[in-house]
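Colleague: Once you've had a glance at the structure underneath, I'll fire off some questions.
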Amino acid sequence: MKSLYLRIYATVVVVLLLFAFASGLVVERHLDQERVRNESVLNERLGAWADLIQRSLPGADAPAETQAAALREWSQRLRIPLALDDTSGKRIGASDSFVRRLDEGQIRPFAVKLDDGRTLWTMRPGQLRQAGGVRPPDGTRDDRGVRPPPSWPFLPPGFPRGAGLAIILLALFIAVAAGAYPVVRRLTRRLEALKRGVEQFGAGELSHRVEVSGADEVAAVANSFNVAAGRVEALVQSHRSLLANASHELRSPLARMKMAVSLLDSASPPQRDKLKREIDRNVAELDALVEEVLLASRLDGAQDPLHRDKVDLLAVAAEEASRVDASVESAGDVFVSGDERLLRRALRNLLENARRYGGGEIVVSLQPGVRGRPGATVQVCDRGAGVEPAMRERIFEPFFRLPGHAEQAGGVGLGLSLVKQIAERHGGSVRCEGREGGGSCFTIALPASASS
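Okay, here's the thing in structure tokens:
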């Protein structure tokens, strides 16, 4: 069977069938034991009653009426049906209950030979279906007009022993099997829907999500799939956007280089030197763009933990600040656990951004974490035109540049996006705020140690 629901349902049915069969054997065996035990107890009682009545009845030579009256009296005392025959088999007397029940066929009579030759007849409950009791030495038993009632009221006479139990177990099996099917089918139907959703997603419908219903393991799997699908879609969209924007940004320096190379042979010596400098500048721009695109792509798809070392942020900030003539402020050494190369790149991008757009005053401030909040805070402040509050989140998007900045100072719009990715890979965050007196402050908050 290829279908999961058929395999599950077949397993449930087989297990249920085995359980019903074993239960039937156990119950039937228990009933047999109870039946034998009841037979034994009944036989003992019949023997005791017969011995008691024999000792209490008038002798065989007493008048028949006297014997019959004594018999009826003992029948009332013992609350059992009784009858008495003389030595020739002629009925001396019988209790009303004996006659009535014998006519109705509810009970079965048994004969007990008394010592003086008379025969005492008594009866046992008809629901005890096996013959037994105290019998005369010759095995005489009067079954005339008597039939044992069935073990189960809904069965007709003559059904085999144990048929009632078998029918009940069969009915129970059918009922449980019929009730298990919709439950199993509902479960596997949800799995089939999940399978179709995965196939649609794998066929390229990245926006497709599966329905999450219930609170069981299947719902948890469906929810996990939706979360994973959302991450994959975001990652693919990010890569598509990165590729599209990188292609657009590569086009401009390549076009300038192509034009410069085409004019290089016919240019005069002063123009040739200018064209070579233009080519060198475009090559450097292409190199920086490729490096930033590769780093951004690597950070997007990175799943392995960061290689962490103890990083001296004050030393890193001092080295990078010297490149752009920025000042460094710190109350002491500041250490964090992280990748020094990536942290250096994030700080360098912030300083380069401040140099391009932030005016002449650039300050790097470092603050160690306080008690209860370990880690460090790195802040780069400038005195530029600042960033409008509505744009302070968007400037961290890949290839986003404020209006006029590309024409003013170049750049491809990946610097701040890389800063955000690096901070998040270290378990931290970055934000942009306005600076008192004009300008902007970019703040990176880093934990002491965070898993990535």
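End of the sequence shown sits at 1262 in the numbering used here; the numbers just go up one at a time, nothing left out.
Just so you know, even glycine gets a beta-carbon here, dropped at the ideal spot from N, CA and C.
Hey, could you find the ends of the alpha helix (DSSP H) residue 908 is sitting in?
Modeller: 906-914 is the extent of the alpha helix (DSSP H) around residue 908.
Colleague: Per DSSP, what are the beta-bridge partners of residue 1189 in this structure?
Modeller: For residue 1189, which the question treats as bridged, DSSP gives the partners 1175, 1253.
Colleague: Are the beta-carbon atoms belonging to residue 1157 and residue 1130 less than 8 Å from one another?
Modeller: Contact flag set, yes.
Colleague: For residue 1147, list the residues DSSP reports as bridge partners.
Modeller: Residue 1147 pairs with 1120.
Colleague: Tell me, please, which residues DSSP counts as bridged to residue 895.
Modeller: 901, 929, per the DSSP bridge assignment.
Colleague: For residue 802, does the three-state DSSP call read helix, strand or coil?
Modeller: The requested residue 802 is not part of the displayed model; the chain covers only 811 to 1262.
Colleague: Buried or exposed, going by whether 16 or more other CB atoms sit within 10 Å of the CB of residue 1047?
Modeller: Residue 1047 comes out exposed.
Colleague: If residue 1000 sits next to residue 1023, beta carbons under 8 Å apart, how far is it from one beta carbon to the other, in whole angstroms?
Modeller: The pair is a contact, with the Cβ atoms about 7 Å apart (cut-off 8 Å).
Colleague: Start and end of the alpha helix (DSSP H) containing residue 883?
Modeller: 874-888 is the span of the alpha helix (DSSP H), which, as asked, contains residue 883.
Colleague: Spatial neighbours of residue 1175 within its chain, please: C-beta separation below 6 Å, excluding the five flanking residues on both sides.
Modeller: The answer, listed in chain order, is 1139, 1189.
Colleague: Would DSSP call residue 1076 helix, strand or coil?
Modeller: Coil, per DSSP.
Colleague: Let's test the definition: count the other Cβ atoms within 10 Å of the Cβ of residue 1254 and tell me whether it reaches 16, buried, or not, exposed.
Modeller: It is buried - the Cβ of residue 1254 has at least 16 other Cβ atoms within 10 Å.
Colleague: Using a threshold of 8 Å, state whether the C-beta atoms of residue 1096 and residue 1045 are closer than that.
Modeller: Result no, Cβ atoms of residue 1096 and residue 1045 do not sit closer than 8 Å.
Colleague: For the region 1118-1127 against the region 1144-1153, do three or more pairs of beta-carbon atoms, one drawn from each stretch, fall closer than 8 Å, so that the two count as touching?
Modeller: Flag = yes, the region 1118-1127 and the region 1144-1153 touch.
Colleague: Quick check: the Cα distance between residue 1010 and residue 839, rounded to an integer number of angstroms?
Modeller: Rounded to the nearest angstrom, the two C-alpha atoms are 57 Å apart.
Colleague: Hey, could you find the ends of the beta strand (DSSP E) residue 1234 is sitting in?
Modeller: Per DSSP, residue 1234 belongs to no beta strand (DSSP E); it is in the alpha helix (DSSP H), 1225-1235.
Colleague: Output needed for residue 1230: all residues of its chain with C-beta closer than 6 Å, excluding positions within five of it in sequence on either side, in chain order.
Modeller: So the qualifying residues of the chain are 1206, 1240.
Colleague: In whole angstroms, give me the CA-to-CA distance for residue 1136 and residue 1245.
Modeller: So the two alpha carbons sit approximately 16 Å from each other.
Colleague: Taking residue 891 as the reference, which of 910, 901, 879, 997 has the closest Cα?
Modeller: Taking only the C-alpha atoms, the option nearest residue 891 is 910.
Colleague: Measuring alpha carbon to alpha carbon, tell me which residue in 1073, 1151, 1226, 1170 is nearest residue 1127.
Modeller: Comparing Cα-Cα distances from residue 1127 to each of 1073, 1151, 1226, 1170, the minimum goes to 1151.
Colleague: For the beta strand (DSSP E) containing residue 1241, list its first residue and its last residue.
Modeller: Taken as a continuous stretch (DSSP letters only), the beta strand (DSSP E) holding residue 1241 covers 1239-1244.
Colleague: Cα separation between residue 1179 and residue 1187?
Modeller: Going by the C-alpha atoms only, they are around 7 Å apart.
Colleague: What three-state label does DSSP hand residue 921 in the structure shown?
Modeller: Reduced to three states, the DSSP call for residue 921 is strand.
Colleague: Return the CA-CA distance between residue 877 and residue 895, expressed in angstroms with no decimal places.
Modeller: Rounded to whole angstroms, residue 877 to residue 895 spans 10 Å at the Cα level.
Colleague: Looking at residue 1016: is its Cβ nearer than 8 Å to the Cβ of residue 1037?
Modeller: Not in contact: residue 1016 and residue 1037 (Cβ atoms no closer than 8 Å).
Colleague: State yes or no: is the C-beta of residue 927 within less than 8 Å of the C-beta of residue 858?
Modeller: Result no, Cβ atoms of residue 927 and residue 858 do not sit closer than 8 Å.
Colleague: Excluding five sequence neighbours on each side, which residues of the same chain lie with their C-beta closer than 7 Å to the C-beta of residue 1081?
Modeller: Hits under 7 Å: none found.
Colleague: Might you give, ordered along the chain, the residues of its own chain that have their beta carbon closer than 8 Å to the beta carbon of residue 1233, omitting 5 neighbours on each side?
Modeller: Counting only Cβ-Cβ distances below 8 Å, and skipping sequence neighbours, we find 1156, 1239, 1240, 1254, 1255, 1256.
Colleague: Note down, in chain order, each residue of its chain lying with its Cβ closer than 8 Å to the Cβ of residue 860, except the 5 sequence neighbours on either side.
Modeller: Once the five neighbours on either side are set aside, the close Cβ partners of residue 860 are 922, 924, 930, 932, 944.
Colleague: Which residue or residues does DSSP assign as beta-bridge partners of residue 1139?
Modeller: Answer is 1175, bridged to residue 1139.
Colleague: Taking the C-alpha atoms as reference points, what is the distance between residue 882 and residue 843?
Modeller: Spanning the two alpha carbons is a distance of roughly 35 Å.
Colleague: Could you compute how far the alpha carbon of residue 829 sits from the alpha carbon of residue 1005?
Modeller: Their backbone Cα atoms lie some 33 Å apart in a straight line.
Colleague: How long is the line joining the alpha carbons of residue 1177 and residue 1118, rounded to whole angstroms?
Modeller: Each residue's alpha carbon lies about 20 Å from the other.
Colleague: Which whole-angstrom value is the C-beta distance of residue 804 and residue 1166, which I expect to be below 8 Å?
Modeller: The question about residue 804 has no answer, for the chain in this structure spans 811 to 1262.
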